[in-house]
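Asks: The structure's right below; bear with me while I get my questions together.
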Amino acid sequence: MNKKTLLIAVFVISLIGLAIVQYQYLGIGLNLASVQFAKKVETASKAIKEELRYENKLTYLIASAVQQDTTFFTTTPDSLSQSAHLFFEGFLKDKLEKNGIDAAFVYQLKSKESNVYLKSNKQFNEDVKIYDYNMALEGYIPEVLGERVYLNLKFKNLNRYFLSKLNGLTLPSLIFLVCIVLITIWGFRTFYWQQRIIANTDDFINNLTHELKTPVYSIQLATKILEEKTKDGDKTFLNIITQQTKRLGSHIDKVLELASMDRKKNVFQLKPLDFKPVLVKLCKEFEALVSLEQVGFTFNLVDSDYTILGEAFHLENTIKNLLDNAKKYAENPIIELNSFKKNNHLIIRVKDNGIGIPQKDIHKVFQKYYRGNQSNLHGVKGFGLGLNYAYTVVKKHNGKIVLDSKENIGTTVTIKIPLNES
Numbered sequence: 294m295n296k297k298t299l300l301i302a303v304f305v306i307s308l309i310g311l312a313i314v315q316y317q318y319l320g321i322g323l324n325l326a327s328v329q330f331a332k333k334v335e336t337a338s339k340a341i342k343e344e345l346r347y348e349n350k351l352t353y354l355i356a357s358a359v360q361q362d363t364t365f366f367t368t369t370p371d372s373l374s375q376s377a378h379l380f381f382e383g384f385l386k387d388k389l390e391k392n393g394i395d396a397a398f399v400y401q402l403k404s405k406e407s408n409v410y411l412k413s414n415k416q417f418n419e420d421v422k423i424y425d426y427n428m429a430l431e432g433y434i435p436e437v438l439g440e441r442v443y444l445n446l447k448f449k450n451l452n453r454y455f456l457s458k459l460n461g462l463t464l465p466s467l468i469f470l471v472c473i474v475l476i477t478i479w480g481f482r483t484f485y486w487q488q489r490i491i492a493n494t495d496d497f498i499n500n501l502t503h504e505l506k507t508p509v510y511s512i513q514l515a516t517k518i519l520e521e522k523t524k525d526g527d528k529t530f531l532n533i534i535t536q537q538t539k540r541l542g543s544h545i546d547k548v549l550e551l552a553s554m555d556r557k558k559n560v561f562q563l564k565p566l567d568f569k570p571v572l573v574k575l576c577k578e579f580e581a582l583v584s585l586e587q588v589g590f591t592f593n594l595v596d597s598d599y600t601i602l603g604e605a606f607h608l609e610n611t612i613k614n615l616l617d618n619a620k621k622y623a624e625n626p627i628i629e630l631n632s633f634k635k636n637n638h639l640i641i642r643v644k645d646n647g648i649g650i651p652q653k654d655i656h657k658v659f660q661k662y663y664r665g666n667q668s669n670l671h672g673v674k675g676f677g678l679g680l681n682y683a684y685t686v687v688k689k690h691n692g693k694i695v696l697d698s699k700e701n702i703g704t705t706v707t708i709k710i711p712l713n714e715s
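Residue numbering for the sequence shown follows the numbering used here, beginning at 294 and increasing consecutively.
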C-alpha cells in the first residue's frame, strides 16, 4: 500500500469514526432529552390535576358538556361540547407551555371503559411513533360523572422535536464536520499538487545542471590547453578563469545538493575535519580574486586547530556565499573575515560595509527565494538561495548562523559550529 492510499484510508476511517461518535453523542442527547421531557410532563400533569380537582368555570363547563346538560347554557349540546373542547385544549396548552413543553399534542378525556367524553378534533395516525401519557383525575369531574375519569395526552415524533431543540448543537457540529472534510480534501489536493511540482522541478534541475556541466567542462578543457601553450608569467588571468570555472562547477553541484536536501536525502557525511587549512586556502583565493577589483579584504584566523565534525565542500561554499554577498552589496567594499575558538565552538565572522538590511527583513533573509527590496541595486541579480543554503548547511553541522545588519552601515554574519571534542 503506497503512502497516498494509506493517507486516504486513514482519512476515510477517521471520518467514519467521527460520524459514529457524533451519532452516539446524538443518541445520548436524545435519551437525556426524553428523560427531561418525561419529568416536565409529570410536573405539568400535577398542575393540571390540581386545577381540575375543584369546581370552577372550566370543570363545570366540561362536566356539563359530558352530560349534555344545557340547563344553564343557551346553546345546543354539540355547541356546548365544542366550546368545552376549545377551552380545555387551551387550558392544557397553557399548562404544558408553562412547564417548558411546546410540542404538538392531542388529548382524550375518557372513562375507565374507554368511553371518550372530549377529544381533540384531529388525532395522530397510528403508524406514527407516539409518546402516550395517562393521568387519573380526582375531585369534581369524577364525582359529578360518578366514575373514574382519565386524561390521555399524546405527543408524536418526539425525536424530531428534540432535534429541533438541539439545533444549536447539531447544526454547528454538521457544519464543522463538513468544513473539516472540505479542508482535508483541499489539503490532500494541495499536497499532491505540490508533490507533482517538486517532481517536475527536480527533473528541470537535473536537466539544467546537465546542460550547464557540458560548457563548463569545455571551458576547463580549453583553459588547460591554453595553460600549456602560455608562458608562466602570463598565466594570471588563466588561473582566474580556472578558479572561477571550478567555482561555477561547484555551484552547479550545489544546486543538485540543494534539491537533494529538499527531498531530505542524507547528502552530508560529517567527519572529523580541521577546517583551518580549508579556510586559509579559501581566503587566499578570494584575496587573489578581489585584488583585481576595488575591494578591500582582510582576514585574521586566530588559533591553530579548527577541528570539527563537518563536510568541507558545503562549508567552503557557505563561506564563499557570505564573501560574495559582502562584495556585491557595497559601492566600495571593505570586507573582514575573522575566525577564532570560543566556548568549544568555532566562530567565523564576515563583516562588510554594504547597504545593509532593514530590521523588518532580517528574519526573512534565510527563507528560500527571498530577496529584499534592495537586492536588485547595483546591477546585482540572484535567486535568493545563498543565505538559505548557508542556513541549511550550518544547521546540518549542528551550528547557528546569526545576522546583524544596519542600513547604510553594513552587515555582520556570524557562524557558530561546535568543535569536535573527541
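Every residue, glycine too, gets a C-beta built ideally from N, C-alpha and C.
Quick one: Cα of serine 668 to Cα of aspartate 645, how far?
Replies: Note on serine 668: pLDDT 47, under 50, position unreliable in the model; the coordinate value appears next. Serine 668 and aspartate 645 have their C-alpha atoms some 16 Å from each other.
Asks: Along the chain, where does the beta strand (DSSP E) containing threonine 704 start, and where does it finish?
Replies: Note, threonine 704: beta strand (DSSP E), 703 to 711.
Asks: Along the chain, where does the alpha helix (DSSP H) containing asparagine 631 start, and where does it finish?
Replies: First-last for asparagine 631: 627 to 635, but that is the beta strand (DSSP E), not the alpha helix (DSSP H).
Asks: When the distance is taken between beta carbons, is methionine 428 closer than 8 Å to serine 338?
Replies: yes
Asks: In terms of DSSP beta bridges, what is arginine 642 paired with?
Replies: Asn631 and Thr707
Asks: For lysine 333, which three-state DSSP category applies?
Replies: helix
Asks: Out of Lys620, Val658, Gln536 and Thr600, state which residue places its alpha-carbon closest to the alpha-carbon of isoleucine 640.
Replies: Checked all of Lys620, Val658, Gln536 and Thr600; the closest Cα to isoleucine 640 is Thr600.
Asks: Can you say whether alanine 683 is buried or exposed, counting buried as having 16 or more other CB atoms within 10 angstroms of its CB?
Replies: buried
Asks: Is lysine 517 buried or exposed, if buried means 16 or more other CB atoms sit within 10 Å of its CB?
Replies: exposed
Asks: At 4 residues or longer, what runs of the alpha helix (DSSP H) sit wholly inside the segment 553 to 613?
Replies: 568 to 583
Asks: Taking C-beta to C-beta, are histidine 378 and leucine 325 nearer than 8 Å?
Replies: no
Asks: Inspect the beta-carbon positions of leucine 451 and phenylalanine 330 and report whether they are closer than 8 Å.
Replies: yes
Asks: So what's asparagine 392 in DSSP terms, helix, strand or just coil?
Replies: It is coil, neither helix nor strand.
Asks: Identify every residue that forms a DSSP beta bridge with alanine 429.
Replies: Tyr443
Asks: Could you give the residue range of the beta strand (DSSP E) that holds isoleucine 694?
Replies: 693 to 699
Asks: For proline 570, count neighbouring Cβ atoms within 10 angstroms of its own Cβ and tell me buried if that reaches 16, exposed if not.
Replies: exposed
Asks: Provide the residue span of the alpha helix (DSSP H) that contains tyrosine 353, from first to last.
Replies: 350 to 360
Asks: When the Cα of isoleucine 694 is compared with those of Thr494, Pro465, Val314 and Leu608, which residue comes out closest?
Replies: With distances taken between Cα atoms, isoleucine 694 lies closest to Leu608.
Asks: If you reduce the DSSP assignment to three classes, tell me which class threonine 494 lands in.
Replies: helix
Asks: Can you tell me where the alpha helix (DSSP H) with valine 687 in it begins and where it stops?
Replies: In the DSSP assignment, valine 687 falls within the unbroken alpha helix (DSSP H) covering 679 to 689.
Asks: Is it buried or exposed, leucine 620, if we count other Cβ atoms within 10 angstroms and call 16 or more buried?
Replies: A small correction: the amino acid at residue 620 is lysine; leucine does not occupy that position in the sequence shown. Buried, because 16 or more other Cβ atoms sit within 10 Å of the Cβ of lysine 620.
Asks: DSSP three-state label for tyrosine 716, please.
Replies: Given that the chain is displayed from residue 294 to residue 715, the structure contains no residue 716 and the question cannot be resolved.
Asks: Would you give the residue range spanned by the beta strand (DSSP E) that glutamine 401 belongs to?
Replies: Here the beta strand (DSSP E) through glutamine 401 covers 398 to 404.
Asks: Tell me which same chain residues have a C-beta within less than 6 Å of the C-beta of lysine 689, skipping the five on either side of it?
Replies: Phe561
Asks: Have a look at lysine 311 and lysine 653 and give me their C-alpha separation to the nearest angstrom.
Replies: Residue identity check: residue 311 is leucine in the sequence provided, not lysine. Cα to Cα, the separation comes out at about 44 Å.
Asks: Have a look at alanine 492 and threonine 483 and give me their C-alpha separation to the nearest angstrom.
Replies: 14 Å
Asks: Relative to the C-alpha of serine 376, which residue among Leu351, Lys699 and Ile650 is closest?
Replies: Among Leu351, Lys699 and Ile650, the Cα nearest to that of serine 376 is on Leu351.
Asks: Which residues in the same chain have their Cβ closer than 7 Å to the Cβ of aspartate 596, if we skip the five residues on either side of it in sequence?
Replies: Answer for aspartate 596: Phe633 and Lys634, listed in chain order.
Asks: Hey, quick one: how far does the beta strand (DSSP E) through valine 409 stretch, first residue to last?
Replies: 409 to 412
Asks: Exposed or buried, what is tyrosine 316 when buried is set at 16 or more other beta-carbons lying within 10 Å of its beta-carbon?
Replies: exposed
Asks: So, under 8 Å CB-CB, asparagine 631 and asparagine 593 are touching, yes? Tell me the CB distance rounded to an integer number of Å.
Replies: 5 Å
Asks: Would isoleucine 341 and leucine 385 qualify as a contact pair, given that the criterion is a beta-carbon distance under 8 Å?
Replies: yes
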